[in-house]
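**Student:**
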Amino acid sequence: MIRSFDSRSAVTLSLNTAAVTLALHLAAGVLAGYFLTGRKTILRSLADTAVTLPLIFPPIATGFLLLLLLGRNGIIGHPLQSAGIEIIFSTTGVYIASFIAGLPLVIKSVQSAIETMDRSLIEASWTLGKSRAQTYILVVLPHIRYALLTGLILSLGRSFGEVGITLILGGNISEKTETMSLAIYNAVFEGNFEKAALLSVILAFISLGMFAILKKITQTANGSNTIA
43 MIRSFDSRSA VTLSLNTAAV TLALHLAAGV LAGYFLTGRK TILRSLADTA
93 VTLPLIFPPI ATGFLLLLLL GRNGIIGHPL QSAGIEIIFS TTGVYIASFI
143 AGLPLVIKSV QSAIETMDRS LIEASWTLGK SRAQTYILVV LPHIRYALLT
193 GLILSLGRSF GEVGITLILG GNISEKTETM SLAIYNAVFE GNFEKAALLS
243 VILAFISLGM FAILKKITQT ANGSNTIA
């Protein structure tokens, strides 16, 4: 049982963040898949680089770059601040941190699936008079559905484990922008090992649940390929 209010708020924020970013990652994965079905261009190469960056760039440094963009004096943050929209040190900042951290896992899963699929299926659809959008919806999406689901589960796990970017954009404010991962960090720093252990157990059960779902997706995908 979670006895302290700050623990409950951290769990609630983490679950809310996971739900919001899962929906955003689904939309991003679908749109990215459509974007990637076209011919290779410089724009696509630049987009691919930007998406991959959070995978190899230190999270704290990524958070700092986002702070420069989204802060009160940032290129994006300043006009938003003028419009009364707060991002830094708010739950919105936590959502953005989670979205950025998990985005590459979704995009790369979709990208890999599209690059390895039989291109003749797409070309055959075009030959039959289907538009690019129709081809994507009727041919490509069904083909990459398991890769998309896998990417979503992986990004969900990344969302629960995110610390670096969230620390910069959210500010680690107790009962406001403190996620479960940050709450564990704070509890250890304060010497409250009981709280840290409790939250770690919760995250462990969540992780096991996601692993079970991921394993089921893999088994279903392998079974589908065998039948095909």
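If you read the sequence shown in our numbering, its first letter stands for residue 43, the second for the next number, and so on.
Cβ atoms here follow ideal geometry from the backbone N, Cα and C, with glycine treated the same way.
#1: Return the first residue and the last residue of the alpha helix (DSSP H) that ASN228 is part of.
#2: Report the three-state DSSP secondary structure of THR219 (helix, strand or coil).
#3: Taking the C-alpha atoms as reference points, what is the distance between SER154 and LYS82?
#4: Please return the same chain residues whose Cβ sits closer than 6 Å to the Cβ of LEU191, not counting the five positions on each side in sequence.
#5: Between LYS257 and ILE244, what straight-line distance do the alpha-carbon atoms span, to the nearest angstrom?
#6: Mind checking GLY113: buried by the 16 CB within 10 Å criterion, or exposed?
#7: In the DSSP assignment, find the unbroken alpha helix (DSSP H) run with ILE118 in it and report its ends.
#8: Please classify ILE129: does DSSP put it in a helix, a strand, or coil?
#9: Using 8 Å as the threshold, is the stretch 164-184 in touch with the stretch 50-69, meaning 3 or more CB pairs across them?
#10: Less than 7 Å separating the Cβ of LYS257 from some heavy atom of the ligand ZN?
#11: In whole angstroms, give me the CA-to-CA distance for ARG50 and SER173.
#12: With respect to the alpha helix (DSSP H) encompassing ARG161, which residues constitute its N-terminal and C-terminal limits?
#13: What is the DSSP secondary structure of GLY251, counted as helix, strand or coil?
#14: Which whole-angstrom value is the C-beta distance of THR104 and SER201, which I expect to be below 8 Å?
**Tutor:** Taking the geometry as given:
#1: 222-232
#2: coil
#3: Going by the C-alpha atoms only, they are around 14 Å apart.
#4: Only ILE259 meet the Cβ criterion.
#5: A direct Cα-Cα distance of roughly 20 Å separates LYS257 from ILE244.
#6: GLY113 should be labelled buried.
#7: Careful: ILE118 lies outside any alpha helix (DSSP H) and carries neither H nor E.
#8: coil
#9: Cβ pair count under 8 Å is below three, so no.
#10: Only the bare structure without any ligand can be found here, which leaves the ligand ZN out of the picture.
#11: 49 Å
#12: 161-169
#13: helix
#14: 15 Å between Cβ atoms; not a contact.
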